[in-house]
Amino acid sequence: AQSVAQPEDQVNVAEGNPLTVKCTYSVSGNPYLFWYVQYPNRGLQFLLKYITGDNLVKGSYGFEAEFNKSQTSFHLKKPSALVSDSALYFCAVRDAGTASKLTFGTGTRLQVTL
Amino acid sequence: NAGVTQTPKFRVLKTGQSMTLLCAQDMNHEYMYWYRQDPGMGLRLIHYSVGEGTTAKGEVPDGYNVSRLKKQNFLLGLESAAPSQTSVYFCASSDQGAQPQHFGDGTRLSIL
Numbered sequence: 071a072q073s074v075a076q077p078e079d080q081v082n083v084a085e086g087n088p089l090t091v092k093c094t095y096s097v098s099g100n101p102y103l104f105w106y107v108q109y110p111n112r113g114l115q116f117l118l119k120y121i122t123g124d125n126l127v128k129g130s131y132g133f134e135a136e137f138n139k140s141q142t143s144f145h146l147k148k149p150s151a152l153v154s155d156s157a158l159y160f161c162a163v164r165d166a167g168t169a170s171k172l173t174f175g176t177g178t179r180l181q182v183t184l
Numbered sequence: 141n142a143g144v145t146q147t148p149k150f151r152v153l154k155t156g157q158s159m160t161l162l163c164a165q166d167m168n169h170e171y172m173y174w175y176r177q178d179p180g181m182g183l184r185l186i187h188y189s190v191g192e193g194t195t196a197k198g199e200v201p202d203g204y205n206v207s208r209l210k211k212q213n214f215l216l217g218l219e220s221a222a223p224s225q226t227s228v229y230f231c232a233s234s235d236q237g238a239q240p241q242h243f244g245d246g247t248r249l250s251i252l
């Protein structure tokens, strides 16, 4: 069975500082990995994905994520946080070799303060 | 660009009542999904569809039924609502393969 772990319920960062939101995964085969963001009273919005190729993936709003196969991780990063980045972030995984559906993590709330 | 539209946005039901949540997408996507979001539990897949006329069970299907009579619409039904079904329900759609899912803004359902 596939699974995703987001070990931090909340991450607090000062504006202008770098941010990292952690995600580790477990699948039988090769993973497809995704990050989504959710603002209050809205649906999830796609940020970026890793399918294959370069381990560093760049996405929307200046976010990027690094795929690390040996550590089975896909951490979300941004060099300089903005107050407007405050939201709920979800990591998701599916097994590339099967017809499995996406499995989501429990979410990490990012709070960026001035 | 409408994307994925969910109706209604809010609803309060009494235990035992029935209702249908409607999801409509205008992106010609083959795949459609219904999730529920509960605090601390992320999103859990209720049912999904891989094309018009098809449906399949997800992780938490009990108490729900779905239908996909038209490609653009995916309906979620609660035949006899229970307080445990109080949640925020999200519909999503996607193309095949590794394409990302597009989400609606959710239906907030309370069952008293």
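Protein chains in written order, with the working numbering: chain C, 71 to 184; chain G, 141 to 252. Quick reminder that beta carbons are idealized off the backbone N, C-alpha and C, glycines included. Everything numeric in this text was worked out from a predicted model, so none of it was measured.
Cα-Cα separation, residue i to residue j
i	j	result
C/C161	G/E192	29 Å
C/T142	G/L161	37 Å
G/V200	C/Q181	31 Å
C/S73	C/V97	7 Å
C/E134	C/L146	6 Å
C/Y102	C/A71	14 Å
C/V87	G/G180	Here residue 87 of chain C turns out to be Asn, not Val, going by the sequence shown. Those two C-alpha atoms are separated by around 27 Å.
C/K128	C/L118	7 Å
Closest by C-alpha distance to residue i, when choosing among the options
i	options	result
C/F104	C/N111, C/Y95, C/P110, C/R112	C/Y95
G/V144	G/Q212, G/A222, G/Q225, G/T226	G/Q212
G/S233	G/D245, G/S158, G/Q225, G/T226	G/D245
G/G182	C/F174, C/F116, C/L152, C/T183	C/F174
G/N168	G/L216, G/Y188, G/Q236, G/L252	G/Q236
C/K171	G/I186, G/C163, G/Q225	G/I186
G/F230	G/L218, G/F243, G/L252, G/A222	G/F243
C/V83	C/D165, C/G177, C/R164, C/K148	C/K148
G/S227	C/G132, C/N111, C/S140, C/G129	C/N111
G/A142	G/G156, G/P223, G/A164, G/I251	G/A164
C/L158	C/N87, C/G113, C/N100, C/P101	C/G113
G/Y173	G/R248, G/A222, G/T194	G/T194
G/A222	G/Y171, G/Y175, G/S158	G/S158
G/P240	C/G167, C/V163, C/T168, C/T176	C/V163
C/T183	C/Y120, C/L89, C/E136, C/E78	C/L89
G/T247	G/T155, G/E219, G/L209, G/D178	G/D178
C/S140	C/S130, C/A151, C/L152, C/N125	C/N125
C/G99	C/E136, C/Q115, C/I121	C/I121
G/L146	G/V206, G/T155, G/L215, G/Q225	Looking at the sequence shown, residue 146 of chain G is not Leu but Gln. Per the Cα distances, G/L215.
G/Y171	G/V206, G/K197, G/K210, G/V190	G/V190
C/E85	C/T176, C/V153, C/G177, C/F137	C/V153
Element boundaries [beta strand (DSSP E), containing residue i]
i	result
C/E165	According to the sequence as given, residue 165 of chain C is Asp; it is not Glu. Element bounds for C/D165: 157 to 165.
G/N213	213 to 218
C/F116	114 to 120
C/V81	80 to 84
C/N138	134 to 138
G/M167	Taken as a continuous stretch (DSSP letters only), G/M167 belongs to no beta strand (DSSP E), as it is neither H nor E.
C/Q72	Per DSSP, C/Q72 belongs to no beta strand (DSSP E) and is neither H nor E.
C/T178	178 to 183
C/S96	94 to 96
C/K147	143 to 148
C/V107	101 to 108
G/Q146	144 to 147
Chain-ordered neighbours of residue i on chain C, where CB pairs are closer than 8 Å
i	result
G/L185	K171, L172
G/Y188	K171
Chain-ordered chain G contacts of residue i [CB-CB under 8 Å]
i	result
C/R112	D245, G246
C/Y102	A238
Within chain G, the residues that residue i reaches when beta carbons sit closer than 7 Å
i	result
C/T168	Those do not exist, as C/T168 stays about 12 Å from chain G at its closest Cβ, beyond 7 Å.
DSSP beta-bridge partners of residue i
i	result
G/R208	BP columns for G/R208 are empty, so no partner.
G/L185	G/Y175
G/A232	G/Y173, G/F243
G/A238	In the DSSP output, where bridge partners are listed per residue, G/A238 has none listed.
Amino acids of chain C, ordered along the chain, whose beta-carbon sits closer than 9 Å to that of residue i
i	result
G/F230	G113, L114
G/Q241	F104, Y106, L114, F116, A162, L172
Cross-chain neighbours of residue i in chain C, by beta carbon under 7 Å
i	result
G/G182	F160, F174, G175, T176, G177
G/G198	K171
Under 9 Å by beta carbon: chain G residues contacting residue i
i	result
C/K119	A238, Q239, P240
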